[in-house]
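There are 2 protein chains.
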Amino acid sequence: MTSETAAALAQTDPRLPLHSRVKEDLVRRLRDNEWDASTPLPSERALADSYEISIGTMRRVLAEAAADGLIERHQGHGTFVRRADFQHSLFRFFRLGGDDVPGSRILSRQIEPAPAPVAAAFDLEPDSVVLHLHRLRLWQERPFLLEDIWLPLPLFDPLAKVETEQLGALLYPEYETRVGVVIGSASEELSVSRATQDQARLLAGDQGEPVVRIVRRARTHAGDVVEYRESYGLASSFSYRVEIN
Amino acid sequence: MTSETAAALAQTDPRLPLHSRVKEDLVRRLRDNEWDASTPLPSERALADSYEISIGTMRRVLAEAAADGLIERHQGHGTFVRRADFQHSLFRFFRLGGDDVPGSRILSRQIEPAPAPVAAAFDLEPDSVVLHLHRLRLWQERPFLLEDIWLPLPLFDPLAKVETEQLGALLYPEYETRVGVVIGSASEELSVSRATQDQARLLAGDQGEPVVRIVRRARTHAGDVVEYRESYGLASSFSYRVEIN
DNA sequence: CAGTGGTCTAGACCACGGT
DNA sequence: CCGTGGTCTAGACCACTGG
Numbered sequence: 001m002t003s004e005t006a007a008a009l010a011q012t013d014p015r016l017p018l019h020s021r022v023k024e025d026l027v028r029r030l031r032d033n034e035w036d037a038s039t040p041l042p043s044e045r046a047l048a049d050s051y052e053i054s055i056g057t058m059r060r061v062l063a064e065a066a067a068d069g070l071i072e073r074h075q076g077h078g079t080f081v082r083r084a085d086f087q088h089s090l091f092r093f094f095r096l097g098g099d100d101v102p103g104s105r106i107l108s109r110q111i112e113p114a115p116a117p118v119a120a121a122f123d124l125e126p127d128s129v130v131l132h133l134h135r136l137r138l139w140q141e142r143p144f145l146l147e148d149i150w151l152p153l154p155l156f157d158p159l160a161k162v163e164t165e166q167l168g169a170l171l172y173p174e175y176e177t178r179v180g181v182v183i184g185s186a187s188e189e190l191s192v193s194r195a196t197q198d199q200a201r202l203l204a205g206d207q208g209e210p211v212v213r214i215v216r217r218a219r220t221h222a223g224d225v226v227e228y229r230e231s232y233g234l235a236s237s238f239s240y241r242v243e244i245n
Numbered sequence: 001m002t003s004e005t006a007a008a009l010a011q012t013d014p015r016l017p018l019h020s021r022v023k024e025d026l027v028r029r030l031r032d033n034e035w036d037a038s039t040p041l042p043s044e045r046a047l048a049d050s051y052e053i054s055i056g057t058m059r060r061v062l063a064e065a066a067a068d069g070l071i072e073r074h075q076g077h078g079t080f081v082r083r084a085d086f087q088h089s090l091f092r093f094f095r096l097g098g099d100d101v102p103g104s105r106i107l108s109r110q111i112e113p114a115p116a117p118v119a120a121a122f123d124l125e126p127d128s129v130v131l132h133l134h135r136l137r138l139w140q141e142r143p144f145l146l147e148d149i150w151l152p153l154p155l156f157d158p159l160a161k162v163e164t165e166q167l168g169a170l171l172y173p174e175y176e177t178r179v180g181v182v183i184g185s186a187s188e189e190l191s192v193s194r195a196t197q198d199q200a201r202l203l204a205g206d207q208g209e210p211v212v213r214i215v216r217r218a219r220t221h222a223g224d225v226v227e228y229r230e231s232y233g234l235a236s237s238f239s240y241r242v243e244i245n
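What follows is the structure, given as structure tokens:
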């Protein structure tokens, strides 16, 4: 008699150390959203029993997952998933008073040939068509961020068809529910440019005023780039903070 | 009967966990150059015996020291103090695009009362004196970054005494070899401002031109802030990359 | 109070490297 | 071959959290 959980280890390479195989399975379960942010994982004792390993080995796995930032452990309370929150990370770029979600107004949505950097990011043939969203983000009714978002097709067909009014202000939850795509990591490049006439008009600034430009390539857990995004905001309202570990 | 090694733990805070106290003592011995690069540390069994702790606790201490980059462990061979090899960490904290090592010219070095944000970062009393370096970083013979670096005293006394010409373009290796401080993590804050007259002159730009300001607080592995750095560069030549995982 | 994670023990056995 | 570090076990006890 082996538990269903322990049997899942059969999917992993038996030549690897046991703690590696258990961690691999645990990471998979975390990625599969087996626990939400408010539900603690089973206790380390229960997990050790379900994997049919000793408590010491289970603790090693959990300690590594915590070191990787995948989970948070609190003595006397429990172990919880810690999902990367990219929406929140974008807010780090701009000085915003509180924790409110900014509004979003989609200015246009069209299917078009991929611009060169987009095609390169998605590893597509030149002139492949992609979905292009252009939107304005608002903070307390005031525009503060202009975004161009490109998404590969046919993967993102569901977003090409839904009414734009039905899309929430945060896109990544929409990717997850409508497309089944979970963003796992991203790279961002920041630079400073001058506002074009259009940008100045939409951001309520002056033409030629410094603007911050952020290029984000968002990837699935498997590492495939599935979103290419350019964001522009007035440099005067710019503030960014990052941790380097 | 207690061994001399185990008795050394009496110098550490008995309220701390045993593994922390053992690690503290081990780090001290590593700093005191008790073993050179060609001499292995005693085996984990021998160390555990000398500290009169279990092998499991000793292994935990050694694993942490290895994770901190203080030692290297090789199965079947032994445990050694880490060779001086900064190649891996060189670019971890240099995030302005490009892969070349920039040049460095130190403009001034003085001991002065800590400005308020510096004192706050180091958790010092107001008016405590700190070491202040002012330097210009060059890329392909052209100035591109102006830096103010504050370091706590007396910890960084060695850097206050060495000839500034002897300091390399990269400071963190100097911290490691001259001060025994290893940088383990950092936070950075970016914003956009306008060039002062001095900044414009040193950076070969125009007064009032947009400049990017980066405030970095660098920490040891233990989490103590040991460097406060403000960097300024012309926004027009600015590029910043970050990975979000 | 019960249940959680944190610390610590005292081993056994395995994989690897150099002699 | 021997000694090294790497893996894994099967617990005990403590410290902390929440109801």
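Line order of the protein sequences matches chains A and B.
For the first sequence, the residue numbers in the numbering used here are 1 to 245.
For the second sequence, the residue numbers in the numbering used here are 1 to 245.
From the three backbone atoms N, C-alpha and C, an ideal C-beta is built for every residue, glycine too.
A straight-line Cα-Cα distance of about 36 Å links residue 13(A) and residue 17(B). Per DSSP, residue 47(B) is one residue of the alpha helix (DSSP H) stretching across 44-51.
Only residues of its own chain outside the window of five on either side were considered, and among them 135, 137 and 169 have a CB closer than 6 Å to the CB of residue 104(A), listed in chain order. Of the candidates 106(B), 146(B), 150(B) and 141(B), 150(B) places its Cα closest to the Cα of residue 122(B). For secondary structure counted as the alpha helix (DSSP H) over 4 or more consecutive residues, the stretch 181-209 of chain A holds these complete runs in sequence order: 197-203.
The stretch 49-69 of chain B makes contact with the stretch 18-29 of chain B, as at least three CB pairs between them are under 8 Å.
Neighbours of residue 189(B) in chain A, taken as residues at a C-beta separation under 9 Å, are given in chain order as 239, 240, 241 and 242. By the criterion of at least three beta-carbon pairs nearer than 8 Å, the stretch 206-214 of chain B is in contact with the stretch 233-245 of chain B.
When the five nearest sequence neighbours on each side are left out, the beta carbons in the same chain lying within less than 8 Å of the beta carbon of residue 125(A) are those of 119, in order along the chain. Residue range 142-152 is occupied by the beta strand (DSSP E) that includes residue 148(A).
Rounded to the nearest whole angstrom, the CA to CA distance from residue 167(A) to residue 129(A) is 22 Å. For the C-beta of residue 186(A), the chain B residues within less than 8 Å are, from N- to C-terminus, 243 and 244.
Close to residue 210(A), with beta-carbon spacing below 8 Å, are these residues of chain B in chain order: 192, 210 and 235. The beta-carbon distance between residue 109(B) and residue 164(B), rounded to whole angstroms, is 6 Å. This is short enough to meet the 8 Å contact definition. The alpha carbon of residue 35(B) has as its nearest neighbour, out of 82(B), 198(B) and 6(B), the alpha carbon of 82(B). Taking a 10 Å sphere around the C-beta of residue 162(B), we find fewer than 16 other C-beta atoms and assign the residue as exposed. In the structure shown, residue 103(B) falls within a strand segment according to DSSP collapsed to helix, strand and coil.
Taken through DSSP and simplified to helix, strand or coil, residue 110(B) comes out as strand. Under the three-state reduction of DSSP, residue 226(A) is assigned to strand. Residue pairing from DSSP places residue 218(A) in a beta bridge opposite 186(A) and 227(A).
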